[in-house]
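Notes for the one structure printed next.
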Amino acid sequence: MSGTRRETGFSFTIDGVEVTAYAGQTIMEAADEAGVYIPRLCDHQGLRHQGSCRVCTVKAGGRSVAACTQPAAPGQAVENETKHLNKMRRDLVEMLFHEGNHLCPICEASGNCELQAMAYRLDMTETTRFPYLEPCRPLDASHPDIALDTNRCISCGRCIRASQDVDGKGVFGYVGRGIHRRVAVNGENLAETDAEVTDHAISQEVCPVGCIIRKRVGFVTPIGEREFDQGLIGQEIEEKRK
Amino acid sequence: MSELPKARIATASLAGCFGCHMAILDIDERLLELMKLVDVDRSPLTDKKRFTQRCDIGIIEGGCCNEENVHVLHDFRRNCDVLIALGQCAIMGGLPAMRNAIMHSDAPLRECLDEAFVTGRYIRNTTHNVPNDPALPLLLDEVYPCSQVVEIDYQIPGCAPGGDIIFDTLSKLLTGKFRGFEREMIRFD
Chain A
5 MSGTRRETGF SFTIDGVEVT AYAGQTIMEA ADEAGVYIPR LCDHQGLRHQ GSCRVCTVKA
65 GGRSVAACTQ PAAPGQAVEN ETKHLNKMRR DLVEMLFHEG NHLCPICEAS GNCELQAMAY
125 RLDMTETTRF PYLEPCRPLD ASHPDIALDT NRCISCGRCI RASQDVDGKG VFGYVGRGIH
185 RRVAVNGENL AETDAEVTDH AISQEVCPVG CIIRKRVGFV TPIGEREFDQ GLIGQEIEEK
245 RK
Chain B
19 MSELPKARIA TASLAGCFGC HMAILDIDER LLELMKLVDV DRSPLTDKKR FTQRCDIGII
79 EGGCCNEENV HVLHDFRRNC DVLIALGQCA IMGGLPAMRN AIMHSDAPLR ECLDEAFVTG
139 RYIRNTTHNV PNDPALPLLL DEVYPCSQVV EIDYQIPGCA PGGDIIFDTL SKLLTGKFRG
199 FEREMIRFD
C-alpha cells in the first residue's frame with residue numbers, strides 16, 4: 005500500500021472492532037483488509053461493485069446499507085454480525101434458493117457453490133416458509149467447452165462485469181425486468197458468441213453457483229474434498245485477524 | 019434413578035430413493051444406543067404398515083408425488099407429536115421435483131410420463147401406453163416438499179444425511195438437548 009494512501013487513513017468500528025480505512029474505500033474493502041468477513045454474493049474481488057444481492061447489508065449509523073458500495077466514513081459505527089442482520093441475510097439466501105431450481109444433490113458445483121456455502125454459514129436449516137417457485141429455465145449446451153444451466157443463476161451479474169470489464173467482450177447481459185430479469189448472452193446461444201473457456205467470466209471463481217459450467221471438468225475434485233467442504237466461506241478473510 | 023420411558027418413533031418413505039432409510043443404518047453400532055431410547059412403531063424397518071399407538075417422533079423421507087404420499091404424510095402428522103423431514107427430497111422435493119420444471123413444456127407431468135413409458139429411446143413398452151391401472155395411486159401435478167403439505171417441526175438436510183447427523187439429532191431430541199445443528203455437519207449434497 006502506498007505511503008500517501010496511509011496518510012489519508014481513518015478509523016471506524018465494525019461490531020466494536022476498530023478498522024482502518026482509506027479515502028475511497030468501501031466498508032467491505034476496509035473490512036476485508038482488517039480480516040472482518042461481511043457475507044456477500046454479488047460482490048467479487050477484481051470486479052466493480054454492484055450492490056444488488058444485498059447479502060452484505062450492514063447497519064451503518066443505524067441505517068441499512070450495502071457494505072460493498074457504501075464508502076467507509078471516519079468514526080462510523082458499523083454493525084455486521086448481529087442476530088437481526090444474519091436473519092435477514094438468511095432470508096435473502098433462502099429466497100434465492102426458492103426463486104431458482106437449486107438442487108444441490110444433482111449440481112456439479114455442490115461443495116464449490118457460494119450460495120450453498122452461504123446457506124451453511126448462515127445456518128439455513130429451519131423449515132421453509134416460502135413456496136418453491138420452480139421456474140422452467142433453459143439450459144444452453146451449444147458451446148463445445150461451456151454450458152449454461154440458468155436454473156441455477158442467481159442474477160449476481162458477476163459474469164456480466166467480468167466479461168465486460170476484464171475480458172472486454174460483453175458476452176453476458178441482463179434482459180427483462182423485476183422477477184423476470186435474467187442473464188442472457190449476446191447471441192442466439194452461447195455457441196454463437198465469442199465466449200471462450202479461457203475467459204475470466206467463465207472461470208470457476210466468477211460464477212458463484214453452478215450456472216456457468218466448464219465441460220469435462222465437473223467432478224475432477226470429488227464431492228467432500230471441495231472448497232467449502234474444507235471450511236466455511238469467508239474463513240480466509242477471517243484468518244487475517246488470527 | 020428410574021429409567022425414562024422409551025419414546026416411540028415411526029418412519030416412512032414417500033417419493034424418494036429410500037437412501038435416507040439406508041442412511042439411518044449408517045448410524046451403525048450406535049443403533050443399539052438409540053434402541054435403548056426408542057421403540058419403533060410403523061416403519062419399513064419393522065414392516066408395520068399401520069400405527070399401533072401415538073408416536074413421539076415421525077421421520078419422513080421423500081416428498082409427495084402422488085395421493086398416497088399425501089395420505090401417509092397426513093397420517094404421520096395426525097399420529098406423531100414431532101415430525102422430522104429427513105433429506106433433501108422431503109425438504110425441497112429433491113430429485114423427483116426435477117419433473118416440475120421441464121423446460122419448454124406446458125404439461126411437465128405428461129411429458130415426463132411419455133418420455134418414461136412411450137417415447138424414450140430405450141423404452142420397450144409394447145402397449146405404448148402410460149400405466150393407468152386403478153390400483154396405481156393418482157399422480158400429483160407436481161412433486162411437493164413435505165412442508166407444503168403439513169407442518170414440519172425439524173428438517174435434517176443432506177442427500178442422504180450422514181449417519182452422524184441423524185444420530186446426533188435424534189439422540190439430542192430424545193433427551194431434550196437439541197439446540198440446532200453443528201455447523202460442520204450441515205450438508206445439502
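Those sequence lines, one after another, are chains A and B. Going by this note's numbering, the residue at position 160 of the first sequence is 164; the numbering climbs one at a time, nothing skipped. Going by this note's numbering, the residue at position 50 of the second sequence is 68; the numbering climbs one at a time, nothing skipped. Backbone N, C-alpha and C fix where the C-beta goes; we use that ideal spot for every residue, glycine too. All values derive from a computational prediction rather than experimental measurement.
Report, in whole angstroms, the separation of the C-beta atoms of residue i and residue j, which I expect to be a contact under 8 Å.
| i | j | result |
| --- | --- | --- |
| A/I158 | A/Y178 | No, A/I158 and A/Y178 are not in contact; Cβ-Cβ is about 13 Å, not under 8 Å. |
| A/A199 | A/I206 | 7 Å |
| A/M32 | A/C72 | 5 Å |
| A/E118 | A/I237 | 6 Å |
| B/D74 | B/R26 | 5 Å |
| B/D46 | B/G198 | That pair is no contact at about 24 Å. |
| A/D153 | A/L143 | 5 Å |
| B/A30 | B/F94 | 6 Å |
| A/V23 | A/T17 | 7 Å |
| A/I150 | A/R218 | 6 Å |
| A/G66 | A/Q80 | Incorrect: roughly 11 Å between the Cβ atoms, too far for contact. |
| A/V175 | A/T197 | 5 Å |
Residues in its own chain within less than 6 Å of residue i by CB, not counting five upstream and five downstream?
| i | result |
| --- | --- |
| A/R93 | P43, V59, L126 |
| B/C38 | E79, L104, G105, A178 |
| A/A121 | F232, I237 |
| A/M5 | With a pLDDT of 46 at A/M5, under the threshold of 50, the modelled position of this residue cannot be trusted; read the value that follows with caution. Here the set comprises nothing. |
For a cutoff of 8 Å on Cβ pairs, would you count residue i as touching chain B?
| i | result |
| --- | --- |
| A/S15 | no |
| A/P139 | yes |
| A/Q49 | no |
| A/G115 | yes |
| A/C108 | yes |
| A/L100 | no |
| A/Q208 | no |
| A/D153 | no |
| A/N105 | yes |
| A/Y41 | no |
| A/I217 | no |
With 8 Å set as the bound, which would you pick, yes or no: does the beta-carbon of residue i sit closer than that to a beta-carbon of chain A?
| i | result |
| --- | --- |
| B/R201 | yes |
| B/A119 | yes |
| B/S189 | no |
| B/D207 | yes |
| B/L127 | no |
| B/P163 | yes |
| B/R75 | Strictly speaking, residue 75 of chain B in this sequence is Ile, with Arg absent from that position. With 8 Å as the cut-off, B/I75 does not count as an interface residue toward chain A. |
| B/A115 | yes |
| B/P175 | yes |
| B/I209 | There is simply no residue 209 of chain B to check, as chain B begins at 19 and stops at 207 in what is shown. |
| B/M110 | yes |
| B/G80 | no |
| B/I42 | no |
| B/G198 | yes |
| B/I170 | yes |
| B/Q71 | no |
Return the bridge partner residues of residue i from the DSSP annotation.
| i | result |
| --- | --- |
| B/Y172 | B/I102 |
| A/L143 | A/D153 |
| A/P75 | A/T30 |
| B/K66 | B/S61 |
| A/K63 | A/S68, A/E83 |
| B/L157 | B/N84 |
| B/S31 | B/E79 |
| B/Y140 | Looking at the DSSP assignment, B/Y140 forms no beta bridge with any residue, so it has no partner. |
| B/C73 | B/C98 |
| A/G104 | None; A/G104 has no bridge partner. |
Grab me the residues of residue i's own chain with a C-beta within less than 7 Å of its C-beta, minus the 5 sequence neighbours each way, in chain order.
| i | result |
| --- | --- |
| B/L91 | L32, I78, C82, C164, V167, V168 |
| A/E98 | M128, T132, F134 |
| B/M53 | none |
| B/L157 | C83, N84, L127 |
| B/K24 | L55, V56, D57 |
| A/C46 | Q54, S56, C57, C160, G161, R162 |
Looking at C-alpha atoms only, which residue of the options is the closest neighbour of residue i?
| i | options | result |
| --- | --- | --- |
| B/P175 | B/R26, B/R48, B/R201 | B/R201 |
| A/H88 | A/A145, A/S68, A/P78 | A/S68 |
| B/D132 | B/V88, B/N147, B/L101 | B/N147 |
| A/L51 | A/R245, A/H204, A/I183 | A/H204 |
| B/T70 | B/N97, B/I120, B/A134 | B/N97 |
| A/C140 | A/C111, A/D169, A/N105 | A/N105 |
| A/A113 | A/E242, A/E240, A/K63, A/C211 | A/C211 |
| B/M116 | A/Q239, A/E103, A/L107 | A/L107 |
| B/F185 | B/D44, B/V88, B/L63, B/L101 | B/D44 |
| A/I241 | A/T24, A/S15, A/V23, A/A38 | A/A38 |
| A/A76 | A/G66, A/A35, A/P109, A/V175 | A/A35 |
| B/D99 | B/G34, B/G76, B/S123, B/A41 | B/G76 |
| A/V224 | A/Q239, A/C215, A/Q208, A/G235 | A/Q208 |
So, for residue i: in the same chain, excluding its five sequence neighbours on each side, which residues have a beta-carbon less than 8 Å away from its beta-carbon?
| i | result |
| --- | --- |
| B/N118 | G111, P126, E160, V161 |
| B/T193 | L55 |
Does the beta carbon of residue i sit closer than 8 Å to a beta carbon anywhere in chain E?
| i | result |
| --- | --- |
| B/N97 | Of the chains in the structure shown, none is chain E; the protein chains are A and B. |
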